[in-house]
Amino acid sequence: MKILALLALLSLAGCQLFGSHNSTRDPVGLEATFRSDGARVSLVLTNRTDRAVGYNLCLSPVENQQTGRRFFDPLIDCQASLSLLQSKERAEMTLSFGASDLPSGTYRAVTTVEAEGESREIKSAPFAVR
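Under my numbering, the final residue of the sequence shown carries the number 425; numbering is consecutive throughout.
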């Protein structure tokens, strides 16, 4: 059902969702906060557009900026399906890692959003793991 709704959304005519925009901020933003109490990464995806976007934070890795290696939450049980994030809404998820799962370094959270026939990978601002 969600896939059908997304396909209907993608077939709508209109301005490009990921094209040029007047804001200095990305129209769809991803924030990541590392909490050392248990090696958790909190993700917040914000849709600042006037259209819904498809997303799946469950499949979002964190990427080590020095090595390019991506780490996925080892305990999460998720489905490879898209959810719709409506205009001006936010979605949140917490990824949990074991104490030794994330080596020290600088990371960014990574996710893919889809809308209007376009798919784009977005990354959070860097955060440090010590």
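The beta-carbon is built from N, C-alpha and C at its ideal position, and this holds for glycine as well.
Checklist entry - DSSP three-state call for L352: helix, strand or coil? => result helix
Item to check | Residues that DSSP places opposite A410 in a beta bridge | outcome: E413
Checklist entry - Can you tell which of R403, D345, E409 has its C-alpha closest to the C-alpha of V336? => result R403
Item to check | Neighbourhood of D370 by C-beta distance below 7 Å, restricted to the same chain and skipping five residues each side | outcome: Per the sequence shown, the amino acid found at residue 370 is Leu instead of Asp. Taken in chain order, the residues that qualify are S391.
Next on the checklist: Bridge partners for T341 per DSSP, in chain order?
Outcome noted: G324, R385
Item to check | Sequence-distant residues of its chain with Cβ nearer than 6 Å to E430 (five each side left out) | outcome: In the structure displayed, the chain extends from 296 to 425; residue 430 sits before or after that span and is not available.
Item to check | Which of helix, strand or coil DSSP assigns to G400 | outcome: strand
Checklist entry - Excluding sequence positions up to five away, which residues of its chain have a Cβ less than 6 Å from the Cβ of M388? => result L338, L352
Checklist entry - What do you reckon, are the CB atoms on T407 and A423 nearer than 7 Å? => result no
Item to check | A386 and L379 closer than 7 Å at C-beta | outcome: No, the Cβ-Cβ distance between A386 and L379 is not below 7 Å.
Next on the checklist: Within 10 Å of its beta-carbon, does P322 have 16 or more other beta-carbons around it, so buried, or fewer, so exposed?
Outcome noted: buried
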